Every structure is written in C-alpha cells, then in structure tokens.
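Note sheet for the following structure.
2 protein chains.
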Amino acid sequence: MRFSDKITSTAALIEQSLSDYLTGTRGPVAPPEQLAGAMRYAALGGGKRLRPVLLIECAALFGVRAENALDAATALECVHCYSLVHDDLPAMDDDALRRGQATVHLAYDEATAILAGDGLLTIAFEILATPQTHSDAAVRGELILGLARAAGWAGMAGGQSLDLEAEGKTLRVEEIRRLQALKTGALIQYACVAGAILGRADGDDWSALETYGRVLGQAFQLADDLLDVTGDAGKLGKKTGKDDDAGKATLIAALGLDEAKAELERLEGEAVASLERFGSRAEILRGAARFVSRREH
Amino acid sequence: MRFSDKITSTAALIEQSLSDYLTGTRGPVAPPEQLAGAMRYAALGGGKRLRPVLLIECAALFGVRAENALDAATALECVHCYSLVHDDLPAMDDDALRRGQATVHLAYDEATAILAGDGLLTIAFEILATPQTHSDAAVRGELILGLARAAGWAGMAGGQSLDLEAEGKTLRVEEIRRLQALKTGALIQYACVAGAILGRADGDDWSALETYGRVLGQAFQLADDLLDVTGDAGKLGKKTGKDDDAGKATLIAALGLDEAKAELERLEGEAVASLERFGSRAEILRGAARFVSRREH
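Sequences listed follow chains B and L, in order.
Sequential numbering of the first sequence, starting at 1, is according to this note's numbering.
Sequential numbering of the second sequence, starting at 1001, is according to this note's numbering.
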C-alpha cells in the first residue's frame, strides 16, 4: 500500500473515532452543547491526520493492530487540533482561515475558542487514561507522560511562545532550529515514540523511531515554510506569505531558498535511512518521509 | 490542629512544590524562560491552596502521609491556576486583578497568558504521570482520568462555557446549580476523590468523600457569590460586585440574599454530616467545611 492511500484510509478511521468521542456520550456527565459543538467544529472534517497515521504505522512495526492504536492516535490528534485553535486566536497568529473554513473564534467567538482548545487538550488525557486505550496502566502512563512533555512548556507550547517572541527579530539559525523542534517537532516525534511505547519497542528500535520522528519533524516544518513561500493558497486552505508578513523566523530567510530546499532533501534521506533496521515493514513510513517533504498542501 | 493553621502550613508546602516544578529543571528539556516566568507568576505567591489541602487531608484519612500526596496536590493546583489565567482573559471575564496583583495577560501579554494557562494545564498531567507521584501506575491513571474529567468539557471548562452563555440571561435555579457544579464544583469534588484514590478507599468511604466534595463545592460557590455581594475588595484581592455588573447568574439573584445564606448554612451542616463515618480523624475536614462557608476572602 502506498502512503497516500494509507493516510486517506487512516484519516477516515480517525475522523470516525474523533466523532465518536466528541459526541460527548462516553463520559459520566454530558458536556454543554455549545462547547461540544465548537470542539467538534475544531476537530472534525479535515486535516491530513499525519500525526495519527505516524503513530499507527510506528506501532504497526511491532505488530500492533490499527484498532489497538486508534485511541492513542485520536488523543494525539485532539492535542494537535487544540494547538491550531489556540494558535489561530487574535492574540496569537490571528488567522481567519483554517482547512478552508472560518477559524473557531470567528465561527463561534473568542471565549468559546479558548475553551474549545482547553477542552480538546484535556480530553486527550482523558482518552489516554481510559483503560480501553491500553490494558496496561504502565503503558497508558508512558503515553501520557510523553504527550504532556511533547505538548507542554518544554514542547509545543514553549515553541509557540518562542515563535511569538521572535516576531520582528532576526534569529540565529540554531535559535530557529530550537524553536521549530519545540513548536512542530515535539508532537511529530511523539507520534513516532508513542508507536514505540504501544509496541513495547526495545532500546534500539525505540532510538531509531526517535530519530525518524525528530528528522521528520524538521522536514515537516521546512516543507511548511517552503509552502508558505511557494505554495498555492487554494490547495493549502490557508493564506500564504504569512511568515514574511508577520516577520516570522524561518529557515528559508536564514538559509536562502536553494539551501533550504537542499536541506529538505537531506532530511528526507536521513528519515528514510533511520528506518533501515525495520526493512520492508517500514515501507509506509518511508513513504511518509517522502510525503512530508514533497507535499503540496 | 485547627483548619486555619493546617491550610497555612499546607499552602507553604504547595508553594515550595510548585516552585520546584516550575523552575523547569525536572524535565528532559528546558522550557523557554518567558513562558516559564509567566507560569510561575500565575501559580506562585498567593492563593488559599484550598484544593491541595482538601486532597492531602482526604488522603490522610487513610494514613497517606502529606509528602506522598503532595505531587498530586501540586498537579491539581496547577489546573486551578490555569483556569484562573484563562478565565481572567479579556475574551472571558476580562479581569485586571487577581490575588491583589495584575492578571497574567496584563503583567505579560494576552498570547503569553493563553500559553501559560495551556502550559499549567499540561504540566498537571505530566506531574501526575510521573512515577514519583505514586508507585502504582494504576493509581496514577485513576488520578489522571479523574482530573481530566473534572477539568474538561463536562467539568470545569464546560461550566465556564455555560457561565459565558448565561451572561445577560435569567437562568432557572436548576440551571444555575448545574453551571456551578461544573464550573467550581467538579474540581473541588475531585480534590476529595483524589484523596480517596490515593488512600485506596473502599466504596463507602469513597462515596462519603464524593458527597463531602460535592456539597463543599456547592458551599464554596455560594460563599463566593455572597462575598461578591457583601465582601471587601481589599480582603478579597479582587473586585466585588462583578457578578451583578456582568449580569452573571448566581443563586443569590435567584433565591434572594436571606435564602442564599440559609442554604449555605444547610450545606455546611451537610458537609460536616457526610464525614461522620471517619470520626475524629476528619476534624480538619470539618474545619474546612466551616472555613469554606464562613470565609471572608
């Protein structure tokens, strides 16, 4: 199976799983409908679902079936969706369009968008802590600890903070790399490590997936920055040229377009190379590295 | 020991524990300093620390030492502090003063306040998932599941959403009770249930603490609403008369001042009565019920 087919079929699974969780009938208390509606609006109906497919495919290397990784993948996607809702807020990136739709604070209001993000972040941990996600409490605990670290102040939220601080400043290349490793890299790397946790991977397999996730995260961000310069707003479902308008620190500004493209190619090769020990079992993950580096949206 | 002494000594423990966690030296990656500073500003140097003391005292009923409940109590307080930061935002309650200090979005900026709240919520789950918090992964998992439910869309965040929806509307008494049970009640009840989790309480003890926590939460909110009408802004460290100005739904508006005071007295009695089975071991928790109902700030 090619990666493009795999991501499509997994996206359908994730959409269904998110929809099941976000109807609000699974917990002991029914959530208020206004908030639940905003959370569904934020999470359903779009998105590449890249992180969930990485999690599921990394777990599959160790024989974990997709349905046994689906809850963890759903939780991870909830965290990704929360980050988009908060990043789009007027006080943050002030975006009007996301996945071709009005952002949550415009479709609802700002207060509801803040709470919808909070709710999506929180439900991720609720999902991971539920015994249905994995029968072994120690595995659930590792998934939670890893996600909290990847999403929190020393991960994604910290990266967003660095990004806001950087506006209008000229960062050194290593500062940009740190920012991006936290803001985008941490959650993508976690997707791969979570697969290793579910698969009870040994140290060497674990390290290989850590490397793969780290490099893939770098490639993802660099491709994203390139698309912002060279991409098509229609295909992307969001504005282009935003980084430049906002004075954002990107590697393209620091390295130049040609060197940035060459680095992306190197990263793709490095990601593919990190999977060598898994042989043909990792074919889809190799496809993911190509997809991430060469995507047009 | 009287409750007022206990809450003072526990507050000092919690302050130290929060300070230890929020220096950012415990995790594998250092957090960006701007965000870490805002999180410390939001969490340190004030607050009654009511929820942590409830957690620690409920756990103590079962012989759990304070130092073995401290990490869970710290995590809970992080969630409480996150909720204050987000509730104070301009898009929410738009408050300028909290614990006698400028609110986080004024001391820093709005984006940093949103991220500081996100960071505090996330670190709570990181703390709870750390083996140091409890040696049994199943206990950690129960603590996490309970906290996520109490804080999330069908708990505190849901209550805040209902509260925003209610502005300018006249709610029925049962609607106000539901709103308050989610917004304030869920986290206070969780504090007590978390003590039962740490203490591995049996069904009857567990139910008694569930009842105690639920009633105490109701009393806390009613006392809070009364203070907003009759309290002293200097002692409170925040504005009074806010509910009326904002057209907020409170039980005082629905029941009248005298009936609200009578209900608070009834709730205090009910909270004390729910502790009967614990005998003299629950003296401090009885004091907590009196403290919550009769506090002046």
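By construction, the Cβ of each residue, glycine as well, lies at the ideal position given by its N, Cα and C atoms.
In this text, all values refer to a predicted model and were calculated from it rather than measured experimentally.
8 Å contact criterion, which residue i and residue j should meet: CB distance rounded
i, j, result
"Leu76/B", "Leu44/B", "That pair is no contact at about 16 Å."
"Val1193/L", "Leu1182/L", "Wrong, their Cβ atoms sit about 15 Å apart, outside the cutoff."
"Glu1015/L", "Ala1288/L", "Between Ala1288/L and Glu1015/L the Cβ distance is about 19 Å, and since that is not below 8 Å, they are no contact."
"Gly141/B", "Gly1141/L", "6 Å"
"Ala263/B", "Leu222/B", "Checking the displayed sequence, the identity of residue 263/B turns out to be Glu instead of Ala. Their Cβ separation, rounded to whole angstroms, is 6 Å, which keeps Glu263/B and Leu222/B in contact under 8 Å."
"Tyr82/B", "Leu147/B", "Wrong, their Cβ atoms sit about 12 Å apart, outside the cutoff."
"Glu1110/L", "Leu1089/L", "7 Å"
"Leu1226/L", "Lys1261/L", "7 Å"
"Ala138/B", "Ala1137/L", "4 Å"
Beta-bridge partners of residue i, as assigned by DSSP
i, result
"Gln101/B", "Arg98/B"
Spatial distance of residue i from residue j (CA atoms)
i, j, result
"Gly24/B", "Ala254/B", "46 Å"
"Ala107/B", "Asp1224/L", "33 Å"
"Gly100/B", "Ser293/B", "22 Å"
"Glu1276/L", "Thr1211/L", "12 Å"
"Ala1060/L", "Gly1199/L", "8 Å"
"Ala154/B", "Leu120/B", "19 Å"
"Leu1035/L", "Leu164/B", "11 Å"
"Asp93/B", "Gly185/B", "19 Å"
"Arg1290/L", "Arg1002/L", "11 Å"
"Leu115/B", "Ala271/B", "37 Å"
"Asp205/B", "Thr1122/L", "28 Å"
"Lys48/B", "Leu1267/L", "51 Å"
"Thr1133/L", "Leu216/B", "33 Å"
"Gly1231/L", "Gly1241/L", "9 Å"
"Phe1125/L", "Phe125/B", "7 Å"
"Ser207/B", "Pro1028/L", "16 Å"
"Ser1017/L", "Pro131/B", "30 Å"
"Leu219/B", "Phe278/B", "Position check: residue 219/B holds Ala in this sequence, whereas Leu was assumed. So the alpha carbons of these two residues sit roughly 21 Å apart."
"Ser1280/L", "Lys1006/L", "16 Å"
"Met1156/L", "Leu1187/L", "7 Å"
"Leu1143/L", "Arg1065/L", "17 Å"
"Leu257/B", "Arg177/B", "16 Å"
"Ala1038/L", "Arg40/B", "30 Å"
"Leu1196/L", "Ile1284/L", "Looking at the sequence itself, residue 1196/L is Ala, so the reference to Leu does not match. Going by the C-alpha atoms only, they are around 16 Å apart."
"Gly213/B", "Glu1167/L", "46 Å"
"Pro32/B", "Thr170/B", "45 Å"
"Val310/B", "Asp71/B", "Nothing can be reported for residue 310/B: it is not among the residues displayed for chain B, which extend from 1 to 297."
"Ala282/B", "Thr10/B", "16 Å"
"Ile127/B", "Leu1145/L", "8 Å"
"Arg26/B", "Ala113/B", "22 Å"
"Ala372/B", "Arg98/B", "The question about residue 372/B has no answer, for chain B in this structure spans 1 to 297."
"Ser4/B", "Ala12/B", "13 Å"
Where residue i meets chain B, residues with beta-carbon distance less than 7 Å
i, result
"Arg1140/L", "Gly141"
"Glu1165/L", "Gln34"
"His1086/L", "Ile114, Asp118"
"Leu1145/L", "Glu126, Ala129, Thr130"
"Leu1171/L", "Near Leu1171/L there are no residues of chain B at all, since even the closest Cβ is about 13 Å away, more than 7 Å."
"Gln1160/L", "Leu115"
"Ala1137/L", "Ala137, Ala138, Gly141"
Proximal residues of chain L, C-beta to C-beta of residue i below 9 Å
i, result
"Met39/B", "Trp1153"
"Met92/B", "Glu1110, Ala1111, Ile1114, Leu1115"
"Gln101/B", "Simply none; closest approach about 20 Å."
Within chain L, partners of residue i - CB distance below 7 Å
i, result
"Glu259/B", "The contacting residues do not exist; Glu259/B stays about 27 Å from chain L at best."
"Cys30/B", "A small correction: the amino acid at residue 30/B is Ala; Cys does not occupy that position in the sequence shown. Under the 7 Å cutoff, chain L gives Ala1154."
"Gly47/B", "Simply none; closest approach about 20 Å."
Contacts that residue i makes with chain A (C-beta to C-beta distance below 7 Å)
i, result
"Gln1016/L", "Looking for chain A here will not work: the only protein chains present are B and L."
Within chain B, the residues that residue i reaches when beta carbons sit closer than 8 Å
i, result
"Arg1149/L", "Gly27, Pro28, Val29, Glu126"
"Gly1195/L", "Within 8 Å Cβ-Cβ: nothing; Gly1195/L doesn't reach chain B, min ~18 Å."
Amino acids of chain L, ordered along the chain, whose beta-carbon sits closer than 8 Å to that of residue i
i, result
"Ile298/B", "The question about residue 298/B has no answer here: the residues shown for chain B are numbered 1 through 297."
"Gly24/B", "Trp1153, Ala1154"
Amino acids of chain B, ordered along the chain, whose beta-carbon sits closer than 9 Å to that of residue i
i, result
"Leu1089/L", "Ala91, Glu110, Ala111, Ile114"
**Message:** Going residue by residue through the segment 1157-1234 of chain L, where are the continuous alpha helix (DSSP H) segments of at least 4 residues, counting only ones entirely within it?
**Reply:** Listed in chain order, they are 1173-1180, 1186-1198, 1203-1230.
**Message:** Which complete alpha helix (DSSP H) runs does the segment 1124-1156 of chain L hold, if anything under 4 residues is left out?
**Reply:** If you keep only unbroken alpha helix (DSSP H) runs of at least 4 residues inside the segment 1124-1156 of chain L, you get 1137-1151.
**Asked** Curious, which full-length beta strand (DSSP E) runs of at least 3 residues does the segment 1046-1116 of chain L contain?
**Response** Runs of the beta strand (DSSP E) inside the segment 1046-1116 of chain L: none found.
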